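To start, the structure itself, in structure tokens.
Right, here's the structure in full:
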């Protein structure tokens, strides 16, 4: 085995490992020799000796590598000679085995034991003497005279080993005591060090835990600030922005990089001198929180801002409340509408009763004064004033959504085309009318008369906006609103019919757009408008379940869009308009129920003049008494709002219970909820609105009398169920 390519340190380590392995191998061979006790076992001796030679070869090679480091050449030569003697002695034993194998095996066993012990003790001289004795032992065996030399040497070696072991044990005991003392001292030092390290570790862990908790709290706070639904900004005492959260970026329409580190009044110069600056300076000076609700024009938003003092400066929370302001304004408008509706309803009943009498008598005077050119204009003036008062009342009721509607499926394209001639005459030749109707337009669910009135009002407003002439465009289209459309239009998602009226007139100033639908608001000169046209259109659209919007640019014109609900079924057959029929009377018996004496007298006279037999009653109970007494009454013509605890609807229900085939015609200046629900007439109800003219009275009575009995009963029953 050649260790020369290795370093000395590597050779030493390899040699020590090899020597240890060879010592273990020698012990095994000695143990095998001790088992050779019978003649038939001696056959193993040559193999054992061969293995001993192998042991010696490797063992001596390893020791040579070790001895060559740090010993004299003479010492090395002596050591190698000793090993060579051991190998030579092994060869002598091997050659003599044939003569007396058992004796030689025992002699070899004694030799090896001595060699092993002395090798362990490191006594080279004694090892040499043991080798000589072993040679004598071999000779004695050959001469058949056993020698005790090897045994004496072995005994001496063992005694020397005992002395060495005793000395070694004493030394080991002393060293063990010293080692135990040092171990105890070191243990105490290590325990103290361990306690110190544990205390330091606990302090470090407590510090790390505190830092971790602080970090987690900061992260949680940062996350909470970033997820806030409010804008959050911090400002130091030098008015420098130090923090901006995500919502503040969105509301301020600027990134964090654009804001942090800048002076707040440089970032928002429009805020200088405003209520915002005053509030911020007040908080910084007096260290008290402030809340303000202001409109910030550059961002076009209403801001609900709360400013708090901090050690570093200011903490500012703000949110966009523009939508809430719009909702509040809508609520206020609804409350105004409700108040206006209540006031209008309270006045409309009595006022329309008076107008019925005034209009009717003025109409009679106009006819009677046909040959009085001086007086007839006065009668017509009275008649015109009464009609104007009636129109005013209807407009107020329309805006307050208290007018009764009779919605049906209407083809708006056909209605608009039919109105084109009327519109041309009303607008004048200086206004060019352009109608663009959409193909396959679905029917709209509206009251046709009220729609025509609303369209006429829009066209008249457009005409007034084009005093020098211009172009009026009426368009129809189908419109489908998605769920997110409610942000722009207060309408539920669905399909609608859109009617747009556009002009190229003078337009409307932006500050007036929010007021154009309010009653009595007008941009026209005094005496040139009542301010009820657009408000009536607004009330009609809302009461129909739709909406109206307006867009205008000063000098470029105005567009009004009317969104109307789509009908679920096709257009019904056309119903003849009462105004196109010729008034006529009859011989039937009519029970007239009216609490106002003047209106009852006027209506009774008009019906009698038409040839009807008229029975009269002032309230519901009295009318029921007449019904029980008279068998030939054909029509119940009753007011709706009456005193005495029974309104016209309740009277009609009781009358139909007595006379199922009785025809019913209602009249009222204000219907309340008796025959109108959700702004619409109940099914089967015929209503003559006050004030009415003589021709309207005649047509309504005739229509009611000519209605089929089963139709009237069915519709009345359906109306009662409603």
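In the working numbering, the protein residues as written are -1 to 720.
For each residue, glycine too, the CB sits at the ideal point set by N, CA and C.
Since we're looking at a predicted model, the values are computed, not measured.
If we ignore side chains and look at the alpha-carbon of each, how far apart do residue i and residue j end up?
i, j, result
"residue 234", "residue 314", "11 Å"
"residue 384", "residue 584", "28 Å"
"residue 224", "residue 252", "15 Å"
"residue 370", "residue 350", "29 Å"
"residue 309", "residue 283", "13 Å"
"residue 683", "residue 600", "23 Å"
"residue 246", "residue 231", "7 Å"
"residue 479", "residue 442", "15 Å"
"residue 372", "residue 359", "18 Å"
"residue 193", "residue 169", "35 Å"
"residue 306", "residue 205", "32 Å"
"residue 238", "residue 281", "16 Å"
"residue 660", "residue 588", "10 Å"
"residue 180", "residue 218", "54 Å"
"residue 326", "residue 215", "39 Å"
Buried or exposed: where does residue i fall if 16 or more other Cβ atoms within 10 Å of its Cβ makes it buried?
i, result
"residue 540", "buried"
"residue 591", "buried"
"residue 536", "buried"
"residue 318", "buried"
"residue 278", "buried"
"residue 174", "exposed"
"residue 164", "exposed"
"residue 379", "exposed"
"residue 361", "buried"
"residue 366", "exposed"
"residue 655", "exposed"
"residue 686", "buried"
"residue 689", "buried"
"residue 533", "buried"
"residue 667", "buried"
Under 8 Å by Cβ, that's how I've got residue i and residue j pegged, so tell me the actual separation to the nearest angstrom.
i, j, result
"residue 425", "residue 431", "7 Å"
"residue 268", "residue 295", "7 Å"
"residue 471", "residue 437", "In fact, because the Cβ distance is near 17 Å, the residues do not count as touching under 8 Å."
"residue 468", "residue 503", "6 Å"
"residue 466", "residue 505", "So it is not a contact: roughly 14 Å between Cβ atoms."
"residue 498", "residue 559", "5 Å"
"residue 613", "residue 624", "5 Å"
"residue 582", "residue 700", "6 Å"
So what does DSSP say about residue i, is it helix, strand or coil?
i, result
"residue 638", "coil"
"residue 576", "Because residue 576 sits at a pLDDT of 42, beneath the cut-off of 50, its placement in the model cannot be relied upon, and the point is left open."
"residue 610", "coil"
"residue 416", "helix"
"residue 659", "coil"
"residue 686", "strand"
"residue 272", "coil"
"residue 264", "helix"
"residue 253", "coil"
"residue 444", "strand"
"residue 349", "helix"
"residue 85", "helix"
"residue 545", "strand"
"residue 312", "strand"
"residue 236", "coil"
"residue 435", "coil"
"residue 242", "strand"
"residue 470", "strand"
"residue 213", "helix"
"residue 616", "coil"
Thinking just about the alpha-carbon of each residue, which of the options is nearest to the one in residue i?
i, options, result
"residue 489", "544, 510 and 509", "544"
"residue 698", "640, 380, 636 and 625", "636"
"residue 299", "261, 250 and 264", "250"
"residue 405", "175, 241, 562 and 177", "562"
"residue 665", "695, 642 and 648", "695"
"residue 453", "302, 557, 364 and 509", "557"
"residue 321", "623, 597, 624 and 487", "487"
"residue 304", "274, 248 and 408", "274"
"residue 704", "690, 662 and 667", "662"
"residue 460", "373, 473 and 555", "555"
"residue 508", "196, 476, 457 and 549", "549"
"residue 628", "407, 221, 209 and 653", "653"
"residue 226", "236, 244 and 214", "244"
Compare the C-beta of residue i with all C-beta atoms of chain B and state if any pair is closer than 8 Å.
i, result
"residue 690", "Chain labels in this structure do not include chain B; a single protein chain is all it has."
Is residue i near the ligand HEM, judged by its Cβ being under 7 Å from some heavy atom?
i, result
"residue 274", "Questions concerning the ligand HEM fall outside what the structure shown contains, since it holds no ligand whatsoever."
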